[in-house]
Every structure is written in structure tokens, then in C-alpha cells.
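S.K.: Residue numbers (this note's numbering), protein chains in the order written: chain A, 1 to 260; chain B, 1 to 246.
Built from N, CA and C at the ideal position, the CB exists for glycine as well.
Have a look at the structure that comes next, please.
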Amino acid sequence: MPKQPVLTTQQGSIRIVRLDSPDNRNLITPEISRGIKSACAEANEDPSVLVLIITGSIEVFSSGRDRYTHECASDPTFDFDNWLIDHRVADAVSSVKATTIAAIEGEAIDHGLELAIACDIRVASDNSQLGANDLTSGILPWDGCTQRLPRLVGVPKALELLLTGKSLTGREAADIGLVNHVVSSHGTLTAALEMARTIIQSGPLALRYIKEAIYKSTDLPLDQGLALEADLSFILQSTNDRQEGIQSFHEKRRPKFTGR
Amino acid sequence: MTSFNTIEYTIEGSVAWIFLDRPEVLNVYNVRMRDELFEALLAVRDDPAISVVVLAGKGNSFCAGADLTEFGSAPSQVVARDVRWKRDVWTLLLYCPKLTVAAIHGHCIGSGLEMALMCDIRLASQEAEFSMPEAKLGLIPAAGGTQTIPRSLGLGRSLEFLLTGRVIDANMASELGLITKVVSQSDLMCETHILAAKLANLDPRLVRLAKRAIIQGADMTITQGLELETHLVSHMHSINMTDPEL
């Protein structure tokens, strides 16, 4: 049985998705794309999954971008739209309802960067490299970089990274908010798991609604965003978990949430 | 001015000082405080002699969040949704035409932090601590945090801050852009006085227009925002500058 390039393991309500294709530095091929997308779909079908951690190997998160051949480029029957669909992963990751954390060791470059910034939170090792070489090698990024990167680090930094193709170390990436934390090499998965263990103690519905409200804050005018937040909090008022949360606070004990 | 129970409201020159005044419970925000803040902020808005308002907390903390003793069985959601917009303290604070300063010490948690984020400027003392623990109680922020925090921290950091409910200290809060300036605990009130006096020297008509331009413009396309700026600038020039009403 051929080795699977995308491996999924589980620790309670934490699921870990690992890219493991060292021969091509975890380049996101259609096979890897399928593996990531199906892990995302499965996470969405299982409400007990509260955190999804995406990681690569110790040497590399994911580097480079799959390309079509010269022949394809000049072939009028080449189906570029489907080629893109077969390769894209970022939208699938960003539509995961659970909290997504990227644990980055080594390079997260080009399509690897797009995968990382589609996650909610990023932890990187101090010897990691994050960057976007696409323009300098003659392509336009096609899996969300031009939209997610500026919304994450601001337009000036995004332009600088894309136009110069420079790579940032984990430390430099943390300084500009591209990653949340930088840890010593080999420590990212541990750090991501530690963060995940904190997150899973919270109300599952609260986690989902907070994530929804925050992402929508980038698109909604402030007054409409405030109205959305208010409505989401009213919906939560009808849940058992809200009752349990408040009661546990008064009784000075850990809450036991059920996601209802 | 009616006497308040949960806040203390005083005026010094053109600066209004609102102290949250439930120090025995770390100034947690309850319905009474909401109503009294609403009244005080209306007074600030409508009093032409006031140009700056400072929000601070009595006792050991700024505000440790919402008063959970009032979170009994949920009212009808339909009623709750209606009532939410009737005494809308947060919008009143956010769109206050006067300059707003939060002076933060001790715990600044949940709706306490959300309240501070509705202000224009935040000063914090060295030992202040900030967190948004709502998710841990099966709740979400309900005083604007999911909207105002990303506008200060950016997406990635906001998601972590709200999903983990972690506590950050004043230096981290300042580095992340959540607060404007950190000062020593003993200097907080003095520095706040100095800042308030400086802000009170600005022409209140210009302040009103500038706040409109920036806060409303933030939700517009840049083209629309530049048009708004031009409109406000023309408006400023076309009126008699001795006319206090704009």
C-alpha cells in the first residue's frame, strides 16, 4: 500500500493533519490537496472536533507551488479551472468550523504560505522561513495569498513580501503578526497542542460564533458587525452550555460543555 | 445631575470624569451601571462645556467584566434583542463627539476591555491585565469585542486572544496595539490628567469633525472616505469659525 502523504491522527477533540511527502518538500499536489480537503470535510462533519492542527515534517511545512507544464500552457483544451480546483486547499481550510492551528517547522513558502495563512492561528519555529516567491518566479498566487495576507499583516507588509519575494524567519514573522508565536525548533506541535488543550475547554458553540464574528468583522461596517455579534450572543442564550458556563462559574468548578 | 449608585460622575473644567464605582466587586458591569453610564454619556454628549471624558475605575481594578450574578435564566431572546438597542451605551460611547480616554489599572476583563476599546485612547498602568474569558463560560463577547478587537490586534492575534481566553499584561497589550501607553501605577492618574488637559485644548469643533472623518471613514471605501474628508473640510471653512454650532 503506497504511503499516504497526508496523515490524520486524533487526540480527543483535537485532530492533527500532517503533510508527509519529503521527496517534494510537501508540495501540494492534487493528492495532498485531496487529503487536506477530506480532512477538513471530516472535521466539519464531526462536531466533537474542536481544534484542527495542520503541520508538515520537522524539515518543511510545505514549500513551492505545483505547476502545469509548458505543453499544458499552450494547449487550448487544457482545463485550467479544474486544475486549480484540484490543487486549491485554502478555502477548504478556512471553512473548517473548528479552530485551525498551523504548526510550522522549516519552510512555508508560496502555496505553503497560503495554506498556513488560511488557518486561524500559526505557531512557527525560530528556524522556519515564510515567504511568497511567486511574483519573482513569474506567477500570480492562486490560493488566497493576495487576499488573506494583506488582511493578516496589512497592505504595506503584504506588498513588500510579494514584490520582493523575501522570506521571513519565524521571529520576524511573529513581529509583524504573520505568525502568533515563535518557539524553538521541533517545538511547534507541542506548542500548538498546548494551545489546543486550552481552547477545547471552552464552549464549542461559543468558539464557533467567536470565529464567525471575527472573520466577518473584516467585511462588515462596524455597526452591522456589532448587530451580528449581538444576535449571535442572543442565540447562545438559548443553549444549555451557556447555563452550564455560568453555573460552573458560580460553583467555582470546571464547566462540562456538550455543544448544545 | 441625579446621584449615581454604580458610577461617580464629576466635572473638572471641560473634562468629565466617570469612575466605575462598584469597587467591592471589581466594578463588574451590571444593568444599573449600564443605565447610569447611559445617562452620564448623554450628559457628556449634550453639554457644550465638556470636551473630554475619562473613564476609570475605583478600587483595585478598572472593570472585571459583566456581573454574572445577573445572568439568571435567559429572558425571551426576542425581548432581549429588542432591549439591547434601547439603552445602547456602547454606541453612545463609540460615536461620542467628545474625546474619550480610558485610564486602566488592575483587571480589565471582558466587557471592561470592550468598554475601553470603545474609547479613543487607552492608558494602562504597568500591573494591568487584559483578557476575554467569555468562551470559557460558553458565551461570546457582547459589547463589541469581536469587532473592535480585530480592528486593533489584527485577525490572527484576535482569534488567539478570544479563542484561548489568555491573559496578557500591559506591556504585551501595548506591543500589540491594544492600548496606547503604559505608565507606572502611581503615575496613571497624573498622566491621565495631563493627557486630558492637553486634549481639552483642542478645538472641540475640529475634534468632532476629525472623529467623524476617521470613525465613519473607516467603514467606507477610500474613495468615499476621501469624499467625506473633503466634505467635512469644506464645511469647516464655509462656516463662521466663531460659530460654536457645527
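Return the CA-CA distance between residue 241/A and residue 80/B, expressed in angstroms with no decimal places.
M.R.: So the alpha carbons of these two residues sit roughly 18 Å apart.
S.K.: Could you check the C-alpha separation between residue 70/A and residue 142/A for me, to the nearest Å?
M.R.: In a straight line, the C-alpha of residue 70/A is about 18 Å away from that of residue 142/A.
S.K.: Using the rule of at least 16 other Cβ atoms within 10 Å of the residue's Cβ for burial, across every protein chain shown, is residue 233/B buried or exposed?
M.R.: Classification for residue 233/B: exposed.
S.K.: So what does residue 107/B bridge to, in DSSP terms?
M.R.: In the DSSP output, where bridge partners are listed per residue, residue 107/B has 129/B.
S.K.: Between the alpha carbons of residue 124/B and residue 59/A, how many angstroms are there, rounded?
M.R.: One C-alpha to the other measures close to 42 Å.
S.K.: Name the chain A residues that come within less than 8 Å of residue 82/B, Cβ to Cβ?
M.R.: Correct list: empty, because the minimum Cβ distance to chain A is about 10 Å.
S.K.: For the putative contact between residue 115/A and residue 139/B, defined by C-beta atoms under 8 Å, what is the C-beta separation to the nearest angstrom?
M.R.: About 32 Å separates the two Cβ atoms, so there is no contact after all.
S.K.: I'd like to know if residue 180/B contacts chain A, where contact means its C-beta is closer than 8 Å to some C-beta of that chain.
M.R.: Judged by the 8 Å Cβ criterion, residue 180/B is not in contact with chain A.
S.K.: Can you name, in chain order, every residue of its own chain whose Cβ lies under 6 Å from the Cβ of residue 58/B, other than the five neighbours on each side?
M.R.: 19, 21, 23.
S.K.: Are residue 169/A and residue 55/A close, meaning C-beta to C-beta below 8 Å?
M.R.: Result no, Cβ atoms of residue 169/A and residue 55/A do not sit closer than 8 Å.
S.K.: Is residue 61/A helix, strand or coil when you go by DSSP?
M.R.: In the structure shown, residue 61/A sits in a strand (DSSP, three-state: E or B).
S.K.: Quickly, what does DSSP pair residue 9/B with across the bridge? List them, please.
M.R.: Looking at the DSSP assignment, residue 9/B forms a beta bridge with 18/B.
S.K.: Using a 10 Å radius around the Cβ and a threshold of 16 neighbouring Cβ atoms, would you call residue 13/B buried or exposed?
M.R.: Flag for residue 13/B reads exposed.
S.K.: Ignore the nearest five residues each way along the sequence and tell me which others in residue 150/B's own chain have a CB closer than 7 Å to its CB.
M.R.: Result list for residue 150/B: 158, in chain order.
S.K.: Using 8 Å as the Cβ pair cut-off and three pairs as the minimum, do the segment 178-193 of chain A and the segment 117-137 of chain A touch?
M.R.: The segment 178-193 of chain A vs the segment 117-137 of chain A: in contact.
S.K.: Pairs of beta-carbons, one from the segment 79-94 of chain A and one from the segment 27-42 of chain A, closer than 8 Å: are there three or more?
M.R.: Yes: the two stretches touch, three or more of their Cβ pairs being nearer than 8 Å.
S.K.: Within 8 Å of any Cβ in chain B, is that where the Cβ of residue 30/A sits?
M.R.: It does not; no Cβ of chain B falls within 8 Å.
S.K.: Please name the residue in 136/A, 138/A, 4/A, 162/A whose C-alpha comes closest to that of residue 306/A.
M.R.: The requested residue 306/A is not part of the displayed model; chain A covers only 1 to 260.
S.K.: What residues in the segment 151-163 of chain B bring their beta carbon closer than 9 Å to a beta carbon of chain A?
M.R.: Within the segment 151-163 of chain B, the residues whose Cβ lies closer than 9 Å to some Cβ of chain A are 151, 153, 154, 155, 156, 157, 158, 159, 160, 162, 163, listed in chain order.
S.K.: Please state if the CB of residue 117/B and the CB of residue 174/B are separated by a distance shorter than 8 Å.
M.R.: Against a cut-off of 8 Å, the Cβ pair of residue 117/B and residue 174/B comes out as no contact.
S.K.: Which residues, in chain order, does the segment 135-152 of chain B contribute to contact with chain E at a C-beta distance below 9 Å?
M.R.: You won't find chain E in this structure, because its protein chains are A and B.
S.K.: Got a sec? Which residues, its chain only, sit under 7 Å from residue 23/A by beta carbon, not counting five neighbours each side?
M.R.: Around residue 23/A: no qualifying Cβ.
S.K.: Along the chain, where does the beta strand (DSSP E) that runs through residue 18/A open and close?
M.R.: Here the beta strand (DSSP E) through residue 18/A covers 14-19.
S.K.: Pull up the CB-CB distance for residue 127/B and residue 108/B, whole angstroms please, since I reckon it's below 8 Å.
M.R.: That belief does not hold up - the Cβ atoms of residue 127/B and residue 108/B are roughly 11 Å apart, past 8 Å.
S.K.: Exposed or buried, residue 183/B, counting other C-beta atoms within 10 Å across all chains shown (16 or more means buried)?
M.R.: Classification of residue 183/B: buried, given that the 10 Å Cβ count is 16 or more.
S.K.: For residue 232/A, go through chain B and note every residue whose CB falls closer than 7 Å to its CB, in chain order.
M.R.: Simply 140.
S.K.: Which same chain residues end up closer than 7 Å to residue 196/B when comparing Cβ atoms and leaving out the 5 residues on each side of it in sequence?
M.R.: Counting only Cβ-Cβ distances below 7 Å, and skipping sequence neighbours, we find 15, 52, 54, 101.
S.K.: Taking the alpha helix (DSSP H) that residue 216/B falls in, what are its first and last residues?
M.R.: Looking at the DSSP string, the run of the alpha helix (DSSP H) that includes residue 216/B is 204-217.
S.K.: Which bits of chain B does residue 172/A rub up against, with CB to CB less than 7 Å?
M.R.: Per Cβ cutoff of 7 Å: no residues; residue 172/A is ~15 Å from chain B at best.
S.K.: Hey, how far is the Cα of residue 244/A from the Cα of residue 257/A?
M.R.: About 7 Å.
S.K.: What do you reckon, are the CB atoms on residue 162/B and residue 146/B nearer than 8 Å?
M.R.: A contact, by the Cβ cut-off of 8 Å.
S.K.: Please name the residues in the segment 64-80 of chain B whose beta-carbon is closer than 7 Å to at least one beta-carbon of chain A, in chain order.
M.R.: Listed by position along the chain: 68, 71, 74, 77, 80.
S.K.: Would you check if the segment 33-44 of chain B and the segment 87-105 of chain B touch, i.e. whether three or more CB-CB distances between them fall below 8 Å?
M.R.: These segments touch.
S.K.: Could you tell me which residues DSSP puts in a beta bridge with residue 108/A?
M.R.: Answer by DSSP bridge pairing, in chain order: 62/A, 130/A.
S.K.: Distance cutoff 8 Å, beta carbons only. Does residue 16/A sit that close to anything in chain B?
M.R.: Answer no: the Cβ-Cβ gap between residue 16/A and chain B never drops below 8 Å.
S.K.: Report the CB separation of residue 230/A from residue 84/B in whole angstroms; it is logged as a contact under 8 Å.
M.R.: 5 Å between Cβ atoms; contact.
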